[in-house]
Every structure is written in C-alpha cells, then in structure tokens.
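Residue numbers (the numbering used here), protein chains in the order written: chain A, 74 to 414; chain B, 74 to 414; chain C, 74 to 414. For each residue, glycine too, the CB sits at the ideal point set by N, CA and C. None of these values were measured; they are calculated from a predicted model. Down below is the structure, laid out as structure tokens.
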Amino acid sequence: MKTNPGRFFEDYRLGEVIRHAVPRTLSGGERALYHALYPARGALYSSDEFARACGLPQSPMDDLIVFHTVFGKTVPDISLNAVANLGYAEGRFLRPVWPGDTLESASEVIGLRENSNGASGVVWVRTTGRNQRGEPVLDYVRWVMVRKRDRAAPAPAAVVPDLAGAVAPADLVLPEGLSFAGYDFALAGEPYRLGDYAIGEVIEHVDGVTIEEAEHMLATRLWQNTAKVHFDATFRDDGQRLIYGGHVISLARALSFNGLANAQMIVAINGGAHANPCFSGTTVRAWSEVLDKAETALPGVGAIRLRLVASAARGTALRGADGKYAPEVLLDLDYWALMPV
Amino acid sequence: MKTNPGRFFEDYRLGEVIRHAVPRTLSGGERALYHALYPARGALYSSDEFARACGLPQSPMDDLIVFHTVFGKTVPDISLNAVANLGYAEGRFLRPVWPGDTLESASEVIGLRENSNGASGVVWVRTTGRNQRGEPVLDYVRWVMVRKRDRAAPAPAAVVPDLAGAVAPADLVLPEGLSFAGYDFALAGEPYRLGDYAIGEVIEHVDGVTIEEAEHMLATRLWQNTAKVHFDATFRDDGQRLIYGGHVISLARALSFNGLANAQMIVAINGGAHANPCFSGTTVRAWSEVLDKAETALPGVGAIRLRLVASAARGTALRGADGKYAPEVLLDLDYWALMPV
Amino acid sequence: MKTNPGRFFEDYRLGEVIRHAVPRTLSGGERALYHALYPARGALYSSDEFARACGLPQSPMDDLIVFHTVFGKTVPDISLNAVANLGYAEGRFLRPVWPGDTLESASEVIGLRENSNGASGVVWVRTTGRNQRGEPVLDYVRWVMVRKRDRAAPAPAAVVPDLAGAVAPADLVLPEGLSFAGYDFALAGEPYRLGDYAIGEVIEHVDGVTIEEAEHMLATRLWQNTAKVHFDATFRDDGQRLIYGGHVISLARALSFNGLANAQMIVAINGGAHANPCFSGTTVRAWSEVLDKAETALPGVGAIRLRLVASAARGTALRGADGKYAPEVLLDLDYWALMPV
Chain A
74 MKTNPGRFFE DYRLGEVIRH AVPRTLSGGE RALYHALYPA RGALYSSDEF
124 ARACGLPQSP MDDLIVFHTV FGKTVPDISL NAVANLGYAE GRFLRPVWPG
174 DTLESASEVI GLRENSNGAS GVVWVRTTGR NQRGEPVLDY VRWVMVRKRD
224 RAAPAPAAVV PDLAGAVAPA DLVLPEGLSF AGYDFALAGE PYRLGDYAIG
274 EVIEHVDGVT IEEAEHMLAT RLWQNTAKVH FDATFRDDGQ RLIYGGHVIS
324 LARALSFNGL ANAQMIVAIN GGAHANPCFS GTTVRAWSEV LDKAETALPG
374 VGAIRLRLVA SAARGTALRG ADGKYAPEVL LDLDYWALMP V
Chain B
74 MKTNPGRFFE DYRLGEVIRH AVPRTLSGGE RALYHALYPA RGALYSSDEF
124 ARACGLPQSP MDDLIVFHTV FGKTVPDISL NAVANLGYAE GRFLRPVWPG
174 DTLESASEVI GLRENSNGAS GVVWVRTTGR NQRGEPVLDY VRWVMVRKRD
224 RAAPAPAAVV PDLAGAVAPA DLVLPEGLSF AGYDFALAGE PYRLGDYAIG
274 EVIEHVDGVT IEEAEHMLAT RLWQNTAKVH FDATFRDDGQ RLIYGGHVIS
324 LARALSFNGL ANAQMIVAIN GGAHANPCFS GTTVRAWSEV LDKAETALPG
374 VGAIRLRLVA SAARGTALRG ADGKYAPEVL LDLDYWALMP V
Chain C
74 MKTNPGRFFE DYRLGEVIRH AVPRTLSGGE RALYHALYPA RGALYSSDEF
124 ARACGLPQSP MDDLIVFHTV FGKTVPDISL NAVANLGYAE GRFLRPVWPG
174 DTLESASEVI GLRENSNGAS GVVWVRTTGR NQRGEPVLDY VRWVMVRKRD
224 RAAPAPAAVV PDLAGAVAPA DLVLPEGLSF AGYDFALAGE PYRLGDYAIG
274 EVIEHVDGVT IEEAEHMLAT RLWQNTAKVH FDATFRDDGQ RLIYGGHVIS
324 LARALSFNGL ANAQMIVAIN GGAHANPCFS GTTVRAWSEV LDKAETALPG
374 VGAIRLRLVA SAARGTALRG ADGKYAPEVL LDLDYWALMP V
C-alpha cells in the first residue's frame with residue numbers, strides 16, 4: 074500500500090528525528106489569505122512601512138502563519154492516528170520569516186508513555202521549523218495521544234520530558250533590530266503600552282465571528298494540514314468536521330486586537346490546550362488575562378505574558394467548580410508577546 | 074476598558090481630523106483574492122501586459138480594492154455605532170495604487186446634524202487614503218447616522234456640507250501616462266467604445282451570483298473592516314449576518330463587465346446608496362444606465378458616467394410609484410469610469 | 074444588446090481562430106489560493122528550494138493553475154451555450170509558467186458535426202495558451218456539444234478530427250533543465266519511484282474532501298470562468314450550482330498526493346471525461362491506475378501515465394456492467410506526469 078497509514082504509537086523511538094515532508098515557500102499570497110481568514114489587524118504584520126519604523130526590513134509573515142506551516146508538515150508523521158492533541162510547551166519563535174522564505178520542519182521524539190489501557194500512548198515531540206538557510210525559526214514541544222496498531226506490541230520504557238511551565242523572559246529570542254522607540258500608537262490602533270496592563274487584568278475582546286465550513290477548510294489546507302477529520306464530513310459519525318485547533322488560535326489571536334492591539338509579535342508559546350472541539354456554526358469570542366510582564370534589552374520593547382481564551386460564549390469563564398474547562402471554552406493558550414513599554 | 078467602544082455622535086467635533094489605524098501593504102495576494110471573490114475581468118486589472126499597452130508601468134490594484142482598504146480603516150472610528158450608512162459623494166481616485174504600496178486613511182469631520190429624535194445624528198466625513206509617500210490616492214465624502222451615547226448631550230450647531238451632485242468631468246483626476254490609443258478591444262473582451270453608448274441606455278448584465286456567508290466574510294475581513302454585524306450571527310435578532318455594502322459594490326461592478334468590459338478604471342464615485350440590506354443566499358444581479366459621457370485630455374480616453382444597480386431580482390426596476398427604492402434594489406451607485414473613445 | 078450571448082453551433086467556422094479575451098498575470102497570490110482551495114502538496118509546486126534542487130529557477134505555477142487559467146478564457150467563446158463538455162485530448166504542457174507571467178489563450182476550430190436531432194452540434198477546438206512572449210505554454214483539444222440558435226440553420230460539412238488516444242512518450246515536452254538526479258524523497262513525502270509502480274496498479278488515495286459552495290465558486294472565479302451554472306442558484310431548476318469540472322480535477326489530483334507524491338509535474342492530458350455532475354456537499358475521493366510508464370532524456374526523470382478517477386464514493390469502481398460510468402464516478406482523467414526513476 075503506497076498511501077500513508079500514519080505512524081502508530083509503537084512506531085516511535087525515543088531520540089529519533091523525523092524530517093517532515095513538503096517544504097513550503099511563503100509569500101504575500103499567504104499573508105493576504107491570512108487577512109481574509111482572520112480579522113487580523115496587528116500593524117506590524119499589516120504594513121511594511123510600520124515594520125520599517127520598528128527597525129525591521131519589511132513586514133514579517135505573521136507568527137501564526139509560521140506556526141501553522143511548521144505544524145502542518147508534522148501532521149502526516151505525528152498526528153494522523155492521534156486520538157487527542159494534548160498540549161504545547163516551550164514554544165519559541167527564533168527568527169522572523171519573510172515573504173519568499175521556504176520552511177521545513179523536523180521533530181525529535183523526546184518522550185513516550187504507553188497508556189494503562191494498552192491501546193494507545195502519549196508521544197512527546199520537539200518540532201523545529203527552519204528556513205532555506207537551515208536557520209531555526211520556531212521550535213516547540215507538542216504531545217499527542219496516539220493509537221497503537223497492535224495492542225500486543227510491547228510498551229517502551231516510559232520517558233516523560235521535564236517541560237518548563239513557561240518560557241523564562243531571559244530565554245525569549247528577540248527579532249534583531251526591533252525597536253519600539255518610535256512606535257506610532259495612533260497607527261497601531263490603541264494607546265495602551267505595557268505599563269497600562271496590570272498582571273491579573275482580564276480583557277474581554279468584545280467581537281465574535283461565526284465560523285463557516287469553507288473558511289476553516291481553506292485555512293487548514295493553506296497550511297497543508299491533511300488530517301481527514303477537518304475535511305471529510307463522512308469521517309465522524311455525527312457528520313461534523315472538526316475544526317483545526319490552530320484555526321481557533323488564529324481567530325482568537327486576531328479578535329484579541331481589540332484591547333491588545335499593541336501585543337505585536339508572539340515570541341513564545343508557553344502552553345496551550347484545545348479545551349473543547351469546535352465546529353462550524355460556532356460564534357467564537359475571546360478574552361485575555363495578563364499573566365506576567367517583563368523587560369527586554371531592545372529599545373522600547375517589553376514582553377507581556379497572556380492567557381488567550383477562545384470561547385463559544387460571552388463572558389470570561391475558564392473552569393467549572395470541578396476544575397475542568399467550562400464547556401464553552403475552546404482554547405486556553407499561554408504566550409509571550411512583545412509590546413511597547 | 075481597553076476595547077474600542079466606538080465613537081458616539083457627541084464625540085465628533087466639526088473640523089477634527091481622525092487618523093485611522095492599521096496601515097496596510099497591498100500585494101499580488103490581495104489581487105488574487107479579489108479575483109476569487111468577484112467575477113472581475115477588467116483587462117487592465119487582470120494583466121500587467123495589457124496595462125503596459127495602456128501606458129501604465131504595470132497593472133494597478135483594482136480601484137475598489139483601494140476603496141475598500143481605505144474605507145475599512147475608517148470603520149472603528151466612524152461607523153462602529155452607526156445606525157445607517159447614508160451616502161457617498163465627491164469620491165475621486167487620485168493616483169493608481171501598485172502592488173507593494175502601503176495605504177493609510179484619515180477622515181475630517183465636515184458636517185454634523187443631530188436628529189430631531191435626540192437619539193442620534195448624522196456625521197459627514199471626508200476620508201482621504203494616502204500611500205507610503207503621503208500622496209493622496211482617493212478621497213470621498215461619506216455620511217452615516219450615529220447613535221448618541223447620552224441623549225442629554227447637547228446638540229452641536231447643525232452644519233450640512235454642500236456636496237456636488239456629481240464630480241464634474243473637468244475635476245476627474247486621470248492616471249498619468251494612460252493612453253487608450255492602441256487599445257486592444259479583442260483582448261479586453263468587447264468591441265464597444267464610448268461612442269457606442271448612448272446617454273440613457275440601460276444594460277442588463279445578465280449574470281447572477283448567489284452569495285455565501287464564507288465569501289462575504291472573507292472579503293470584508295480582507296479590508297480589515299471589523300463591523301460586528303458582518304461576522305457575528307448572534308448580533309442581529311434574526312441571526313443573519315448583514316453583508317458589507319462594499320461587497321455588493323464589487324460584485325455588481327464585476328458583473329457589469331458583461332456589457333461594459335471597456336469601462337476600465339473608476340475615477341470618481343458621484344454618489345451611492347445601499348438601498349436595501351443584503352444577506353447570504355441572495356442571487357445578486359446588476360444593471361447599468363449611462364448617465365453622461367465626457368472627453369478627457371488623455372489619448373483615446375473618454376469618461377462614462379454610469380448608474381450601477383445591484384438587484385436581488387431580474388429586471389431593471391429602480392423605484393416604486395412611491396419614489397422609494399424597489400425592495401429588490403440593493404445598491405444604487407453613480408460613478409465615472411474611463412473608456413476608449 | 075451589448076452583453077455576450079455566447080456563440081451557437083452555427084457561429085463556428087472550421088479553421089477559424091478565436092482569440093479569447095482578458096489576459097491574466099499570475100503571481101504568488103494565485104499559488105497561495107490554490108493551496109487553500111486544494112490539499113495540494115507536490116513539493117515542486119510548494120517550495121522554491123525544492124524546485125531549484127530539481128534544476129528549475131524557482132517553483133513554477135501548478136500545471137493545473139495554467140490549465141484552468143487558459144481554459145477559463147475560452148468559456149465566453151466556446152462553452153457559454155454548451156450542453157455538455159464532452160472530452161479532452163492531446164493536451165500538452167509546453168513550458169513552465171512562472172509567477173509574474175501573463176497568459177492569453179486562443180482556440181482554433183478543428184472539427185464540427187451537427188447532431189442528428191438538428192438542435193445542436195459538436196465543436197472541436199484546439200486551445201493554445203501563450204505567455205507574454207508569445208511562447209506556447211499549453212495546448213489541448215476539447216470538444217463540447219453546443220446548442221443551435223436556429224434549428225433551420227444549415228449543417229456544416231461534418232469534420233471530425235483524428236485525435237491521438239494518448240500523447241506518445243516521444244511527444245512529451247519536458248521542462249528545460251529539469252533533473253531528478255538529486256531528488257529528495259524524504260522532503261517530497263514518499264519513497265516510491267517509477268520502478269516501484271507497476272502498470273495496472275491501482276492506488277486508492279484514502280482521503281476525502283466534502284465540497285462547499287463557497288470553495289468551488291472561489292476557485293472557478295479565480296480562473297475567470299464565468300459560466301452561469303456554477304454561480305447562480307436560480308439557473309437550474311433544482312436550485313443547485315453545478316461544480317466546474319476543473320475543480321474536481323484539481324481536487325482529485327491533490328488527493329492523489331497520498332500514494333503518488335512523486336508524480337510531480339503534469340506534462341500531458343491524454344483524455345478526460347466529467348462522468349457525472351458534482352454538487353456542493355459531495356465528499357470527493359480519488360483513485361489512480363497506472364496505465365503506462367516511459368523513460369525520458371532528462372536525468373533521473375521518468376514519465377508515468379495515470380488514470381485519475383474522482384468519485385463520490387469509496388472504492389475503485391469505474392464502469393457498470395453496461396459499460397457506462399458508475400453513478401459515483403465524477404471524473405476519469407488520463408494524464409502523463411514526470412516522476413523520478
């Protein structure tokens with residue numbers, strides 16, 4: 074059989090590096106589509122002129138375009154037989170990606186633990202995206218629950234990686250040349266700087282977007298993510314197409330402009346959970362909580378650590394009394410962004 | 074509260090200039106999307122070679138891409154609390170926009186009049202779009218009805234601007250270098266030149282397009298227009314998403330190719346009304362009426378003034394016996410385009 | 074009447090060359106949209122770096138972008154009054170198309186035969202797409218059944234062109250400079266080379282995509298194909314919009330990556346039939362059969378002749394006992410692609 078059956082739990086070996094297929098050149102076309110798919114308005118990703126005024130040679134590709142492109146390549150090797158996408162950690166954007174750059178990705182297996190049911194196991198991988206010069210542009214850890222092909226296959230020695238709860242401010246990699254010293258708040262859309270946000274502050278982002286099937290499929294294909302469950306209405310018994318979790322990330326991030334217009338560049342993804350599945354017809358809303366703040370060595374540039382929650386309902390509920398995510402919560406993402414001080 | 078509540082009627086001051094946020098660099102990506110979203114076939118906007126044969130350095134961005142981009146930036150400041158988008162006047166395209174250009178927009182408040190109900194008022198603004206060199210590329214007057222935050226707020230002195238019924242031919246700004254002296258009618262798609270059109274002539278454009286939710290949202294987001302009513306199915310009591318009026322403009326303009334293939338560049342918008350709301354599922358049709366014709370100083374280039382009507386039904390009805398727009402009329406737009414003589 | 078009524082059967086003259094309107098410049102925007110519309114993952118069309126490693130200056134536009142663009146231009150002249158799109162033959166890709174190239178197309182009438190019912194006839198055309206230097210990039214024969222305007226119009230002498238059943242391997246035109254000598258199978262996504270495929274081998278491509286209205290309309294408009302039946306839900310009595318056959322071709326070709334990742338460039342279309350109409354909501358699947366294999370003069374480059382079948386059901390059924398296409402078969406396409414030996 075020449076088609077890809079995907080890997081099963083017993084196919085992964087600790088320490089193995091999987092080079093993912095199909096490199097991808099990104100251009101202004103992907104950027105335009107990103108703006109059509111999400112209500113993205115971050116000035117640094119919208120305007121070459123604004124980016125130049127911030128010390129960059131031109132507007133970089135949106136960080137999440139980079140994330141989705143790198144992630145999409147991993148799907149045929151990592152998550153084709155995944156039962157669940159369990160989490161992210163230690164994600165860092167290491168270098169801007171420019172129109173014309175070509176991205177590849179590779180994943181190292183850094184953890185394996187069979188489940189007690191003997192039918193599946195958890196695989197941890199550290200995925201690295203690189204540009205055409207081999208320079209890393211992004212790396213992150215992701216763990217997924219993967220089915221076993223054969224329940225009788227022996228369990229590997231359990232190795233669970235020790236992952237940081239969050240990227241430490243000192244470990245953030247900052248884009249070379251970036252300066253917010255002459256930052257134009259009026260053009261950026263809001264007057265709020267790092268000092269205007271308090272740790273613990275919660276911002277409800279007001280807007281909502283009702284998702285259509287065509288939109289999430291266009292987006293998911295754009296990143297060459299081929300998981301059947303997103304595209305084939307006959308795949309699930311209920312006839313619904315599960316929306317790629319990254320679509321919800323991008324939607325929520327774009328909605329967060331309204332209140333966080335100056336949280337310009339994502340530099341780290343500390344963690345993330347796709348708390349509940351999302352389907353077409355859902356009106357997605359978002360809220361953010363300020364988790365931390367830090368200084369950086371770049372002129373005028375601070376870092377803000379944010380919890381970004383996508384929700385199918387108004388309000389800022391996160392967990393119920395039982396400690397579980399509220400049923401309307403779609404995404405709980407923890408990230409660092411750069412913001413003018 | 075850090076999210077943008079939008080401005081209310083009493084927040085506008087006569088003469089004030091509002092600089093709108095989020096400059097935008099346009100590229101071949103936006104052009105490709107425009108061709109995917111609308112059945113646009115104007116040769117000058119489709120082919121660099123055709124544009125060069127007409128004396129331009131390359132194919133400019135479609136005029137309506139420019140209009141929507143400039144307009145989109147105004148939404149958070151002008152129409153977030155608008156009850157109705159009342160009209161346009163004195164719109165002029167002042168300079169072509171090329172792929173790679175970055176647009177900004179700003180609006181001057183040129184008129185204010187509180188409604189007799191004390192709950193809202195009309196705001197007139199003159200919006201100007203500029204490129205990265207600060208050169209104006211488009212300006213137009215738009216007026217909207219905006220809610221008051223506080224009915225008790227005092228009414229400003231009423232100032233209603235004196236607006237031209239149409240841009241005079243002598244005031245049209247013509248693209249530098251444009252020539253239709255060697256115009257290739259076969260490549261453009263139709264043999265008709267300015268002399269073939271009679272004032273009063275009506276052209277029914279034959280084709281129809283049934284609109285889907287995903288399409289109008291992709292388009293509206295592409296222009297970074299964030300009005301909730303276009304995206305959030307929970308916003309209106311009837312669960313419908315109102316389609317951005319500009320989507321209907323672009324759709325009708327593209328449909329008008331069939332009969333007006335040589336009405337190449339829009340140089341002025343004399344007026345416009347979104348006569349009735351448009352929703353997903355509507356099959357949009359279009360017809361045009363020749364309102365006027367004029368010569369220009371450019372070789373082989375004439376100007377044609379057209380009424381462009383988008384309709385949810387076949388036929389060329391405009392108004393009922395009561396003088397009101399027929400219920401199927403979606404758009405009544407009055408514009409000048411350039412056409413070979 | 075200034076709108077285009079389309080040509081009727083009696084309007085075609087044997088030997089006449091019809092130059093089609095609206096040249097089109099293609100860019101990275103069209104490529105990005107292609108990746109959003111189809112699950113396309115061919116490495117040569119995804120990555121400039123991969124293309125360079127194969128001896129090309131950069132990644133060419135996907136062959137089917139070229140096909141659809143050239144085809145789209147013919148619609149107003151050839152198939153506006155077509156009753157049926159009957160077949161393709163002798164299609165050859167003659168030269169890669171690069172971002173920035175501008176395509177035109179022209180068709181020569183090479184066959185005419187009135188149907189015995191006197192109400193319609195079959196028109197054969199050879200369509201050639203050319204770039205801005207006038208170099209041919211694609212030519213193919215297509216035949217369509219076209220209505221007569223007037224049943225009383227005299228029948229032309231019947232001329233049925235003698236068409237090759239398939240392009241002979243020696244007649245394939247190979248891209249200058251192409252080499253698969255250093256082909257990277259891991260990056261391309263699969264290890265299989267020409268020698269791994271046996272004539273007669275059937276590959277079921279596993280994945281399926283459920284089509285939405287918005288998607289096929291975006292795609293069809295992108296190629297400036299204006300046939301009403303694809304866009305206007307009021308056009309057919311059943312209220313359905315017929316999906317452009319080329320959309321199904323691109324979808325099936327993209328799905329065939331899974332099992333044929335190394336069938337990189339399409340160099341010939343030997344034949345094709347849109348076996349049954351396709352409508353929104355269909356979950357499209359694909360299977361391929363290896364029909365032939367051939368060597369080429371280029372380093373490491375072989376040719377594989379494939380039957381590509383798009384189907385609305387699982388399985389690899391093609392024809393029923395009556396010799397007719399099974400009802401679930403949407404497309405039966407016969408093409409040559411280049412593959413590493």
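Alpha carbon of residue i to alpha carbon of residue j, nearest angstrom
{"i": "residue 24 (chain B)", "j": "residue 340 (chain B)", "result": "Here chain B comprises residues numbered 74 to 414, so residue 24 (chain B) is not present and cannot be evaluated."}
{"i": "residue 100 (chain A)", "j": "residue 399 (chain A)", "result": "39 Å"}
{"i": "residue 317 (chain B)", "j": "residue 403 (chain B)", "result": "11 Å"}
{"i": "residue 351 (chain A)", "j": "residue 321 (chain A)", "result": "8 Å"}
{"i": "residue 137 (chain C)", "j": "residue 161 (chain C)", "result": "14 Å"}
{"i": "residue 289 (chain A)", "j": "residue 282 (chain A)", "result": "12 Å"}
{"i": "residue 248 (chain C)", "j": "residue 123 (chain C)", "result": "15 Å"}
{"i": "residue 117 (chain B)", "j": "residue 355 (chain B)", "result": "29 Å"}
{"i": "residue 84 (chain B)", "j": "residue 198 (chain B)", "result": "13 Å"}
{"i": "residue 309 (chain C)", "j": "residue 302 (chain C)", "result": "7 Å"}
DSSP-derived helix/strand/coil call for residue i
{"i": "residue 257 (chain C)", "result": "coil"}
{"i": "residue 244 (chain A)", "result": "helix"}
{"i": "residue 366 (chain A)", "result": "strand"}
{"i": "residue 338 (chain A)", "result": "strand"}
{"i": "residue 272 (chain B)", "result": "coil"}
{"i": "residue 277 (chain C)", "result": "strand"}
{"i": "residue 361 (chain B)", "result": "strand"}
{"i": "residue 391 (chain B)", "result": "coil"}
{"i": "residue 346 (chain B)", "result": "strand"}
{"i": "residue 290 (chain B)", "result": "helix"}
{"i": "residue 321 (chain C)", "result": "helix"}
{"i": "residue 407 (chain C)", "result": "strand"}
{"i": "residue 354 (chain C)", "result": "coil"}
{"i": "residue 315 (chain C)", "result": "coil"}
{"i": "residue 105 (chain A)", "result": "helix"}
Chain B contact for residue i (CB, 8 Å cutoff)
{"i": "residue 112 (chain A)", "result": "yes"}
{"i": "residue 122 (chain A)", "result": "yes"}
{"i": "residue 287 (chain C)", "result": "yes"}
Proximity test, Cβ basis, 8 Å: residue i and chain A
{"i": "residue 304 (chain B)", "result": "yes"}
{"i": "residue 75 (chain B)", "result": "yes"}
{"i": "residue 220 (chain B)", "result": "no"}
{"i": "residue 280 (chain C)", "result": "yes"}
Exposed unless 16 or more other CB atoms sit within 10 angstroms - verdict on residue i
{"i": "residue 397 (chain A)", "result": "exposed"}
{"i": "residue 377 (chain B)", "result": "buried"}
{"i": "residue 244 (chain B)", "result": "exposed"}
{"i": "residue 255 (chain A)", "result": "exposed"}
{"i": "residue 151 (chain A)", "result": "buried"}
CB contact check: residue i to chain C, cutoff 8 Å
{"i": "residue 299 (chain A)", "result": "yes"}
{"i": "residue 135 (chain B)", "result": "no"}
{"i": "residue 207 (chain A)", "result": "no"}
{"i": "residue 105 (chain A)", "result": "yes"}
{"i": "residue 132 (chain B)", "result": "yes"}
{"i": "residue 119 (chain B)", "result": "yes"}
{"i": "residue 260 (chain B)", "result": "yes"}
Quiz prompt | Minimum length 3: unbroken beta strand (DSSP E) runs contained in the stretch 182-226 of chain B | solution = 193-203 and 209-220
Quiz item: What are the start and end residues of each continuous alpha helix (DSSP H) run of 4 or more residues lying completely inside the stretch 108-195 of chain A, in chain order?
Solution: 116-119, 121-126 and 136-151
Quiz item: Which residues, taken in chain order from the stretch 81-104 of chain B, show a beta carbon closer than 8 Å to some beta carbon of chain D?
Solution: No chain D is present in this structure, whose protein chains are A, B and C.
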